[in-house]
Every structure is written in structure tokens, then in C-alpha cells.
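According to full-length UniProt numbering, the residues represented by the sequence shown are 1 to 211, in order.
Note that the Cβ used here is the ideal one computed from N, Cα and C, for glycine as well.
Notes follow the structure.
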Amino acid sequence: MGGMDVRMRGVACLHGRIEAVADVDLEIGAGERVALTGTNGSGKTTLLRAVLGLHRQVSGSILVGGRGTASAAEWAWRRRSCAWIPQKPAAGRFPLLGDELLASGGAPAEAAEAARKLGVGALLGRPLHTLSGGQLQRMYLARAIGAVAAGAEVLLADEPTAALDFGGQEEAADVLAALPVTLVVVTHDRALAQRCDRVLEMAAGRLREVA
Ligand SMILES: Nc1ncnc2c1ncn2[C@@H]1O[C@H](COP(=O)(O)OP(=O)(O)OP(=O)(O)O)[C@@H](O)[C@H]1O
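Shown next, in the form of C-alpha cells:
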């Protein structure tokens with residue numbers, strides 16, 4: 001089983017004056033699968049983005065595999081180590097094609113194979129903005145599988161099954177739970193939460209474990 005540990009101490013995140021995340025302490029073991037649930041606007045996306053360095057107004061400490069992000073080299077390492085499935089896929093400045101998205105995970109062949117298995121293999125030449133929500137979500141899942149093949153040991157996934165049909169939700173939940181990584185997944189999907197080792201809940205920026 002692969003995966004790296006993720007450790008947070010006293011993490012707080014601001015959006016301007018809004019405190020989106022407050023005083024989060026969290027220890028996730030290597031290879032553990034954690035579901036993050038909670039009310040809308042409670043800070044889940046912000047917390048995941050902070051781990052990736054996409055949210056910069058952060059205080060406290062976030063270590064992945066024991067490493068921080070004090071230097072540009074450490075940030076680059078963090079980005080390679082953590083695969084990412086965004087909640088709101090960015091359209092980008094230029095029309096990005098399916099196979100270009102897959103290549104950005106670092107293992108194009110493995111990602112394309114995953115795309116075929118997920119039923120979007122015929123769409124690789126299409127601009128992403130022409131895909132349906134569910135097709136796009138499958139494409140991002142395929143990219144994450146490629147990123148894991150390229151060496152990522154943590155997967156941060158933000159509502160990765162929200163746009164999928166029922167069969168697709170089950171299939172994606174199985175695929176996500178079987179990846180040899182530490183999984184932190186924001187989800188309101190019971191099938192996916194049930195496949196995780198722990199369920200945590202956020203409310204107004206604070207985290208608590210659900211029994
Ligand atoms: N770019 C932004 N500028 C200002 N405030 C923001 C921004 N992004 C998020 N927020 C605020 O930060 C808080 C946390 O938002 P976040 O997206 O992290 O919540 P969430 O738990 O992921 O919500 P959801 O379940 O609805 O996706 C909310 O009050 C939100 O309005």
C-alpha cells in the first residue's frame with residue numbers, strides 16, 4: 001500500500017476577512033482514506049486547496065510526507081506528490097483538449113488507459129468545455145490515476161462523483177478507494193464515504209470526527 005502521511009497543525013485560512021478554516025489539527029496516516037463532509041461553505045474546498053498551495057492566505061503547518069513548503073523546490077515536490085481532482089474544473093485561458101489534461105498528470109499512457117476504462121476514451125481529442133459535467137469528471141479521475149502512476153502518493157479529491165450517474169458513482173468510488181494512495185476526499189456521496197476509513201465533518205471552518 002502506497003501513500004504518505006498528511007499532518008496539519010493549527011491551520012487557519014482566510015478569504016480576505018472571512019475565516020474559512022479555523023484551528024484545524026489533523027493527522028492522516030499513510031494510505032488512509034478520509035472523507036470530509038459538512039455543510040456548504042464550511043471550508044472543505046479551502047482546506048484541500050491549502051494543502052496544494054492553491055490557497056495562499058494560510059497560517060499553521062501542513063506537512064505531507066513530513067515535508068513543508070518553505071522553498072519553491074518543496075512546492076514543486078508537493079504538487080507532484082499530491083494528485084488533485086478539483087470541484088470546479090478550470091476552463092483555462094486556452095481551450096484545453098482531453099488528452100492535454102491527461103498529459104498534465106505526468107503519465108499520459110496510463111491516464112488514457114484509465115479514460116478508456118471510464119468510458120471517455122473516445123473524447124480525448126475534444127476541448128474540455130464541450131464535455132458534459134460527468135464526462136469531464138471522468139476525465140479528471142483518469143488524470144488523477146495517471147498522476148498516481150507518475151508517483152503521486154496523496155490524492156485530494158473535491159466532490160469527485162458529484163456529476164456522475166448512479167453507476168458511475170459506484171464505479172468511481174471503487175476506483176478511488178482502490179488507489180494505492182492517501183485519499184482525502186470531500187464528498188456528500190454516501191457510497192464513497194462508506195469506502196473510507198474515517199469520516200470527518202466540517203462546520204463553520206472547524207473539523208470534528210464523526211463517530
Ligand atoms: N474566492 C473566495 N472569496 C471570498 N470568499 C470565499 C472564496 N471562496 C470561498 N469563500 C468563502 O469561504 C468559505 C468556505 O468556502 P469553501 O468553498 O471552502 O466551502 P465548502 O465547504 O467547500 O463548501 P461547498 O460544500 O458548498 O462546496 C465560504 O464562506 C465561502 O463563501
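Quiz item: Which parts of the region 162-196 are runs of the beta strand (DSSP E), unbroken and 3 residues or longer, counting only runs that do not cross its ends?
Solution: With a minimum length of 3 residues, the continuous beta strand (DSSP E) runs that stay inside the region 162-196 are 182-186.
Quiz item: What did DSSP end up calling Thr-39 once you bin it into helix, strand or coil?
Solution: Along the sequence shown, one-based indexing puts residue 39 at 39. Secondary structure at Thr-39: coil, using DSSP grouped into helix, strand and coil.
Quiz prompt | Residues bridged to Arg-67 [DSSP beta-bridge criterion] | solution = Translated into the one-based positions of the sequence shown, residue 67 becomes position 67. Here Arg-67 is bridged, per DSSP, to Val-64.
Quiz item: Arg-210 lies in the alpha helix (DSSP H); which residues open and close that run?
Solution: To locate residue 210, count along the sequence shown from 1; it is residue 210. Residue 210 is actually Val in this sequence, not Arg. Where Val-210 is concerned, there is no enclosing alpha helix (DSSP H), given that its DSSP letter is neither H nor E.
Practice problem: Can you check DSSP and say which residues form a bridge with His-15? | Solution: Residue mapping note: residue 15 aligns to position 15 of the sequence shown, counting from 1. DSSP lists Ile-18 as partners of His-15.
Quiz item: Within the present structure, is the beta-carbon of His-15 separated from the nearest heavy atom of ligand 1 by less than 7 Å?
Solution: Position 15 of the sequence shown, counting from 1, holds the residue named residue 15. His-15 Cβ: within cutoff of ligand 1.
Exercise. Can you say whether Pro-180 is buried or exposed, counting buried as having 16 or more other CB atoms within 10 angstroms of its CB?
Key: By 1-based counting over the sequence shown, the position of residue 180 is 180. Exposed.
Quiz item: Nearest to His-55 by alpha carbon, out of Arg-80, Arg-116, His-15, Leu-63?
Solution: Walking along the sequence shown from the start, residue 55 turns up at place 55. Sorting Arg-80, Arg-116, His-15, Leu-63 by C-alpha distance to the C-alpha of His-55 places His-15 at the top.
Exercise. Using 10 angstroms around the beta-carbon of Val-210, count the other beta-carbons present and answer buried if the total reaches 16, otherwise exposed.
Key: Numbered from 1 along the sequence shown, position 210 holds the residue referred to as residue 210. Answer is exposed; the Cβ neighbour count stays below 16.
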